[in-house]
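Worksheet for the structure shown next.
Chains as they are written, first to last, in my numbering: chain A, 688 to 800; chain B, 33 to 275.
If you want it as structure tokens, here you go:
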């Protein structure tokens with residue numbers, strides 16, 4: 688449950704960028720959260736609302752863009768979709784798989800005024 | 033220009049769509065910033081500090097009660113004749129673990145995370161000023177006992193080492209995959225208890241490899257001493273790589 692400190696990091700980025708990008712309030716935050724990032728979108732929403740209270744992003748909408756997990760299967764020599772870090776290859780049923788997408792968590796863009 | 037709709041002068045607004053003082057139109061700003069960026073920035077600074085001093089830094093992670101501190105005190109006792117070491121201890125409260133480490137004669141600093149569930153790179157950077165680790169030394173960072181949160185926070189370490197004790201159940205690697213995915217080495221601890229348990233070692237190792245094909249495994253017991261030589265050899269080989 689480190690979603691709270693992640694939301695605090697998001698807020699810090701919003702505050703830093705306010706001067707760079709010259710905005711006073713943030714009306715929406717677009718977050719990319721990978722299925723394999725270990726972050727729970729619902730917990731993120733819950734923490735976000737409490738963290739932004741009284742800040743420049745109070746009442747901001749949190750838009751979460753979920754990125755599916757992807758891994759390279761060395762047996763199939765192809766990228767396959769996975770839902771968990773421990774998934775077997777959905778095509779050939781073996782592992783190892785090397786995760787190459789869906790483990791990220793990043794602020795994509797902001798709607799500001 | 034109208035601050036609400038962006039239209040030019042000379043038009044009529046409905047009462048609802050009037051000029052509101054201080055309200056300007058919204059716009060989109062591309063950020064493309066990793067949420068861990070701040071932590072990663074401090075982690076990179078720590079990594080540079082460690083590299084300059086040719087230090088080996090290991091981030092020890094596990095659930096509470098895996099035997100991390102006992103394993104660490106045993107490891108220190110056996111390495112201290114020819115290896116410089118220091119320890120940073122992370123716990124929510126108390127300095128009990130740091131006191132246990134200091135009893136071995138090795139410097140240890142306790143960080144209490146309070147409500148925090150993991151150590152962050154900035155706290156480690158601040159701790160370095162106090163610990164003043166020596167060049168070519170080994171720094172053990174004993175993270176908060178938690179198999180979830182510390183996995184996402186890089187501290188600048190060379191490796192995360194995950195400690196799993198055989199009293200915990202062989203399916204921990206797939207129950208807490210993030211941590212086993214992030215670790216370079218798994219220490220399977222308390223193997224002296226295997227005769228009394230139904231723990232399936234082969235299945236546990238298979239689960240660990242399933243989550244992380246590259247993970248190395250050492251089976252040991254801090255109590256009986258079995259496997260400790262292999263663990264010390266691993267530490268020394270990694271330390272030699274930092275030079």
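Beta carbons are placed, not taken as given, at the ideal position from N, Cα and C, and that holds for glycine.
Open item on the list: Looking only at its chain, what residues have a beta carbon closer than 6 Å to the beta carbon of residue 275 of chain B, apart from the 5 residues adjacent to it on each side?
Closed with: 86
Open item on the list: Strictly below 9 Å CB to CB, what residues from chain B border residue 693 of chain A?
Closed with: 67, 68 and 184
Task: Contact with chain B by residue 764 of chain A, beta-carbon distance below 8 Å - done: no
Task: Within-8 Å CB hit, residue 213 of chain B to chain A - done: Cβ-Cβ to chain A under 8 Å: yes for residue 213 of chain B.
TODO: For the stretch 697–708 of chain A, enumerate the residues whose C-beta is nearer than 7 Å to any C-beta of chain E, in chain order.
DONE: Going by chain labels, chain E is absent from the structure shown, which instead holds the protein chains A and B.
Open item on the list: 8 Å is my cut-off, CB to CB: does residue 796 of chain A come that close to chain B?
Closed with: yes
Task: Enclosing beta strand (DSSP E) for residue 150 of chain B [first to last residue] - done: Careful: residue 150 of chain B lies outside any beta strand (DSSP E) and carries neither H nor E.
Task: Simplified DSSP state of residue 65 of chain B, which is helix, strand or coil - done: strand
Open item on the list: I need the straight-line Cα distance from residue 271 of chain B to residue 76 of chain B, nearest angstrom please.
Closed with: Per the coordinates, the alpha-carbon of residue 271 of chain B lies some 19 Å from the alpha-carbon of residue 76 of chain B.
Task: Spatially closest choice to residue 677 of chain A from B:213, B:92 and B:249, by CA coordinates - done: Residue 677 of chain A lies beyond the residue range present for chain A, which begins at 688 and ends at 800; the question has no answer from this structure.
- [ ] Mind reading off the beta-carbon distance from residue 224 of chain B to residue 202 of chain B? Whole number of angstroms is fine, and I expect it under 8 Å.
- [x] With a Cβ gap of about 17 Å, residue 224 of chain B and residue 202 of chain B do not count as contacting.
Open item on the list: Quick check on DSSP: helix, strand or coil for residue 81 of chain B?
Closed with: Reduced to three states, the DSSP call for residue 81 of chain B is helix.
TODO: Look up residue 172 of chain B in the DSSP assignment and say whether it is helix, strand or coil.
DONE: strand
- [ ] Note the first and the last residue of the continuous beta strand (DSSP E) segment covering residue 191 of chain B.
- [x] Run containing residue 191 of chain B: 191–197, per the beta strand (DSSP E) assignment.
- [ ] State the start and end residues of the unbroken beta strand (DSSP E) segment that holds residue 117 of chain B.
- [x] 117–123
- [ ] Using a cut-off of 9 Å between C-beta atoms, extract the partners of residue 783 of chain A located in chain B.
- [x] Within 9 Å Cβ-Cβ: 241, 242, 244, 245 and 246.
Open item on the list: Using C-beta distances below 6 Å, list every residue in its chain close to residue 799 of chain A, excluding the 5 sequence neighbours before and after it, in chain order.
Closed with: If we look at residue 799 of chain A and ignore the five residues flanking it on each side, its Cβ neighbours are 710 and 713.
- [ ] Within 10 angstroms of the Cβ of residue 140 of chain B, are there 16 or more other Cβ atoms? Answer buried if so, exposed if not.
- [x] Residue burial is scored here from C-beta neighbours: residue 140 of chain B has at least 16 other C-beta atoms within 10 angstroms and is therefore classed as buried.
Task: residue 266 of chain B versus B:165, B:142 and B:217, residue with shortest Cα-Cα distance - done: Taking the Cα of residue 266 of chain B as reference, the smallest distance to any Cα among B:165, B:142 and B:217 is reached at B:217.
Task: Members of the stretch 143–157 of chain B near chain A, C-beta cut-off 8 Å - done: 148, 149, 150 and 152
Task: Beta-carbon spacing of residue 91 of chain B, residue 170 of chain B below 8 Å - done: Cβ distance not < 8 Å, so residue 91 of chain B and residue 170 of chain B don't count as in contact.
Task: Length of the line joining the Cα atoms of residue 744 of chain A and residue 701 of chain A - done: Cα to Cα, residue 744 of chain A sits roughly 8 Å from residue 701 of chain A.
Open item on the list: Would residue 112 of chain B and residue 136 of chain B be called neighbours here (beta carbons separated by less than 8 Å)?
Closed with: yes
Open item on the list: Does any residue of chain A have a CB that is nearer than 8 Å to the CB of residue 108 of chain B?
Closed with: no
Task: Residues that residue 77 of chain B contacts on chain A, provided the C-beta gap is smaller than 8 Å - done: Close partners of residue 77 of chain B in chain A (Cβ separation under 8 Å) are lacking, with about 17 Å as the shortest Cβ gap.
Open item on the list: Across the stretch 102–110 of chain B and the stretch 119–139 of chain B, are there enough close Cβ pairs to call them in contact, namely three or more that are closer than 8 Å?
Closed with: They touch, by the three-pair rule.
Task: Length of the line joining the Cα atoms of residue 708 of chain A and residue 795 of chain A - done: Distance from the CA of residue 708 of chain A to the CA of residue 795 of chain A, rounded to the nearest whole angstrom, comes to 14 Å.
Open item on the list: Quick check: the Cα distance between residue 153 of chain B and residue 775 of chain A, rounded to an integer number of angstroms?
Closed with: 33 Å
TODO: Taking only the alpha-carbon atoms, compute the straight-line gap between residue 189 of chain B and residue 81 of chain B and give it to the nearest angstrom.
DONE: 11 Å
Open item on the list: Quick check on residue 236 of chain B: does DSSP put it in helix, strand or coil?
Closed with: helix
Open item on the list: Would residue 236 of chain B pass as an interface residue toward chain A - the criterion being a Cβ-Cβ separation below 8 Å?
Closed with: Put simply, the CB of residue 236 of chain B is far from chain A, with every gap to its CB atoms at 8 Å or more.
- [ ] Note down, in chain order, each residue of its chain lying with its Cβ closer than 6 Å to the Cβ of residue 732 of chain A, except the 5 sequence neighbours on either side.
- [x] 749
Task: Cβ neighbours of residue 263 of chain B in the same chain (closer than 6 Å, five flanking residues each side left out) - done: 250 and 252
Open item on the list: For residue 725 of chain A, would you say it is in contact with chain B, using Cβ-to-Cβ distances shorter than 8 Å as the test?
Closed with: Cβ-Cβ to chain B under 8 Å: yes for residue 725 of chain A.
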